[in-house]
Structure formats: structure tokens, C-alpha cells
Amino acid sequence: MKILTALPLVLLAACAAPEIELPQGTAARGDPAKAVPAAVETVVTTDPAVDADDPALWADPRDPSRAVLFGTDKTDGLYVHDMDGKVRQFLPDGPLNNVDLRTGFTVDGKDYVLVTATERKNFTVIAYLFDPDTLETRRYGVLPLGMGEPYGYCMGKLGGDFYLIPNNKAGEIRALRLANGAPLETAKLAYSFKVGSQPEGCVVDDETGRLYLGEEDVAIWRFDLSPDAPTDGIKVAAVDGERLTADVEGMSILRDRGAKYLIASSQGDATYPVWQIEGDSYAYKGRFAVEGGAIDNVTGTDGLDAWSGPIGPFPEGAIAMHDTDDGGEQQNFKIVDWRAVRRALSLP
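In mature numbering (1 follows the signal peptide of the UniProt record, and there is no 0), the protein residues as written are -16 to -1, 1 to 332.
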């Protein structure tokens, strides 16, 4: 009986296409990635098997030393970390994937940070209100999406309205408009787009109303969030194995010294390519890997977020990214100092 039971498993294993593991970080093929050490990593002492995925950074503009990192656990919920990596709060809301936030969401006359994350069991968006005065987070609402399992997600804030932007494995992207302070269930479809295969990471440039989206094995695309804009995407960068390697995962925008940079995470080789956004063009500036220093290297990276300007101990900005292997079964998030990236890539 044991032989008969094992035989189909052997045949299935023989037929399955092997997953090719590419060299990681500074050993990656293509344009050499510059080493940048992690300055901080998140630590969860209550769960040895954290299934981390996507981070979101926030700093108080009144006092940037008051700052937090939100991080999803694809099995259990949402962590809120202080900037030394320790857990401040945990919200056990199930398998949360991508998380994003926007400030200035006013409820009952008080401004909160609206934090939202996709939930992959019931196919919803869960919203939270983060109080910038107390640094406490509470549940605000749950929104069914009606598009199957949400895979990637990001937010935007345009003209006073908040946009919730999920996508799914079929390549469907929806932008749901939510009025400032309105109940979550009042969010309505404003725009929809489509790509040919599975997307995930995305980021909205609120200044220009542009959505940048990663189609995992193909390219980074740009869409305009405006009523008269075409729904076809404009290619920003192709997955070429030289600068950008599949899978394209997290994506963020950082502003520094009058320049604006688009940063992506390449899960296949754990590198982070950087482009300077110059109107309708994108100047490639190089890529980096998180290696060196006292904290372990980043491998198999997924979600990513950047903060422009001072945040916590970082006076000129920071980038947070997922690390798939922190030893044992636990995954976590690393934070790098933007100044170290700027030096490594010789940015002005």
C-alpha cells in the first residue's frame, strides 16, 4: 500500500516544472546591484512563523521621530511596528496581503490616517483608522470587492477623494473612489484597467494622478486616473533580466532633493531597480540589494514602501522591504536608510 500511495506523488513531482532559483542580491545576473545594508529589521517574538508580505511607512509631520511601520501577515493579520522593529500593536484579521495608507481622512471632525489592506479569504478590503495623536489603530470597515481573490493593492488620494485600487490574478485592476470621511461601503468604481497576465505591486503618484503597476513577468505599466484618459497602459520598463527581473513585486515613489524616484522590487533576484521620473520619461539610475552590516541579507523580496523626508531615525527618508527568510520559518521586514541608497547609486 505504501508503494501504491507514493507512486502518483513521484509521477507528479517528475512532471512538475522545476522552479529555477536565480542568484540573489549582488550576485544577481545583469546590471550589477550595489550593496546597501539594512539599518533595522522587524521582530515578532509571539509567532515563530510570521508570513510577512507588504509594508507601509508613516511619520508624523509635526514630529517625524513619531513613526511606525505597518506590515501584513498573509496568515494572521496586520502588525504595527515601532521604528526599532518591535511590535506596537497586532490586529488579528486573517490573511492580509498588501497594505497602503493615506493621511487626512476626517471622521467626526478628527483627522486620521486611513490604512487599508486586502484580505484573501473573503475577498475584501479591510480599513483601519490610525490616530496620529495616540499612534493606535482601530478597525473602520470591511468592503467586499466582487472580483475574486485580490492579489495586489495600493491607494491614492486625488482631489480630496481616496482611491482603493485592488487587482487580481486575471489582470483586472479596479480603482474605487471613497469620499473623505465616508463609510467604507460607499466606495464606488471610478476606473478599471486590464493587463494580459498576473499583476501585483502598484503605487499611485498623487501629484500627477498616475498609477504605476507591475505585471509580474512582463513590465511596469503606467495608467492615468482621470476621466478622459485612455485605459491602455504605457510601458515604463520591461522585465528584461538585466535591470528588472521577474517577479515584479512591490513598488513605491520617493522624493528627494527635487527629484522623484520610482523604486521596484524584483523577487526573482532580490534587487531593487530605481528610475528617476522626468515627466513622461524614466531614467534608469541603477539597482541595489540589501546586504552587509549586522543584519542578514534580503532574499526573495516581495512588498516594498518608501517614505520621503525624515522618518524615525532616518533624516532624509527610508525604504522598507519584505525579506522572505529571516532564519527558520519566520519572514520579516527590513528598513534601509535612503542616504545609503543615494550614495550607492551615486545619486545627486
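Positions of the beta carbon are idealized from the N, C-alpha and C atoms, including for glycine.
Subject >> Own chain partners of Ser176 with C-beta closer than 6 Å, once the 5 adjacent residues on each side are dropped >> reply: Arg158
Original post:
What is the DSSP secondary structure of Thr100, reduced to helix, strand or coil?
Top reply: strand
Original post:
What are the start and end residues of each continuous alpha helix (DSSP H) run of 4 or more residues lying completely inside the region 31 to 97, in chain order?
Top reply: none
Original post:
Just the Cα atoms here: how many angstroms apart are Thr100 and Phe54?
Top reply: 10 Å
Original post:
Just curious, the alpha helix (DSSP H) that Ala328 is in, first and last residue?
Top reply: 322 to 328
Original post:
Does Asp38 have its Cβ less than 8 Å from a Cβ in chain C?
Top reply: In the displayed structure, chain C is absent; only one protein chain is listed.
**OP:** Could you say which of Val91, Leu142, Asn152 lies nearest to Arg123 if we only look at CA atoms?
**Re:** Val91
Original post:
What are the start and end residues of each continuous beta strand (DSSP E) run of 3 or more residues lying completely inside the region 209 to 252, in chain order?
Top reply: 218 to 222, 232 to 240, 243 to 250
Subject >> C-beta atoms of Thr10 and Ala273 nearer than 8 Å >> reply: yes
Original post:
For the beta strand (DSSP E) that contains Phe180, what are its first and last residues?
Top reply: First, the amino acid is wrong: residue 180 is Gly here, not Phe. Per DSSP, Gly180 belongs to no beta strand (DSSP E) and is neither H nor E.
Original post:
If you drop the 5 nearest sequence neighbours on each side, which residues of the same chain put their C-beta closer than 8 Å to that of Val220?
Top reply: Tyr196, Ala203, Ile204, Trp205, Arg206, Leu246, Trp259, Tyr266
Subject >> Separation of Gly185 from Ser250, as counted between CA atoms >> reply: 11 Å
Original post:
Just the Cα atoms here: how many angstroms apart are Arg161 and Leu129?
Top reply: 13 Å
**OP:** Could you tell me how far apart the beta carbons of Gly234 and Leu288 are, in whole angstroms, since I believe they sit closer than 8 Å?
**Re:** 3 Å
Subject >> Buried or exposed by the 16-neighbour rule on C-beta atoms within 10 Å, applied to Gly140 >> reply: buried
**OP:** Could you tell me if Leu62 is buried or exposed, where buried requires 16 or more neighbouring beta carbons within 10 angstroms of its beta carbon?
**Re:** buried
**OP:** Under the assumption that Asp68 contacts Thr56 (Cβ atoms under 8 Å), give the Cβ distance between them as a whole number of angstroms.
**Re:** So it is not a contact: roughly 20 Å between Cβ atoms.
Subject >> Reduced DSSP category for Leu331 - H, G, I as helix; E, B as strand; rest coil >> reply: coil
**OP:** Grab me the residues of Thr170's own chain with a C-beta within less than 8 Å of its C-beta, minus the 5 sequence neighbours each way, in chain order.
**Re:** Leu162, Ala163
**OP:** Measure the alpha-carbon distance for Thr87 versus Ile237 and round it to whole angstroms.
**Re:** 16 Å
Subject >> Beta-carbon gap between Pro32 and Gly312 smaller than 8 Å >> reply: yes
Subject >> Reference Asn81, options Phe298, Asp35, Pro211, Met131, closest by Cα >> reply: Asp35
**OP:** Can you grab the Cα-Cα spacing for the pair Val188 / Asp201, in whole Å?
**Re:** 20 Å
Original post:
Three-state secondary structure (DSSP) at Gly132?
Top reply: coil
**OP:** Taking the CB atoms as reference points, tell me whether Ile149 and Val126 lie closer together than 8 Å.
**Re:** no
Original post:
Just curious, the beta strand (DSSP E) that Asn281 is in, first and last residue?
Top reply: Unbroken run through Asn281: none, as it is neither H nor E.
**OP:** Kindly indicate which three-state DSSP category Glu25 falls into: helix, strand or coil?
**Re:** strand
Original post:
For Ala40 versus Asp84, is the C-beta distance shorter than 8 Å?
Top reply: yes
**OP:** Could you tell me which of Tyr112, Gly144, Thr102 sits nearest to Gly132, measuring between CA atoms?
**Re:** Thr102
Original post:
If you compare alpha carbons, which of Pro183, Asp309, Asp280 is closest to Val232?
Top reply: Pro183
Original post:
Based on the DSSP secondary-structure assignment, which residues constitute the bridge partners of Val202?
Top reply: Partner(s): none; Val202 has no beta bridge.
Original post:
When burial is assigned at 16 or more other CB atoms within 10 Å of the CB, is Ala324 buried or exposed?
Top reply: buried
Original post:
What three-state label does DSSP hand Thr285 in the structure shown?
Top reply: coil
**OP:** Starting from Leu160, follow its DSSP beta bridges and name the residues at the other end.
**Re:** Leu148, Leu173
Subject >> Buried or exposed by the 16-neighbour rule on C-beta atoms within 10 Å, applied to Lys94 >> reply: exposed
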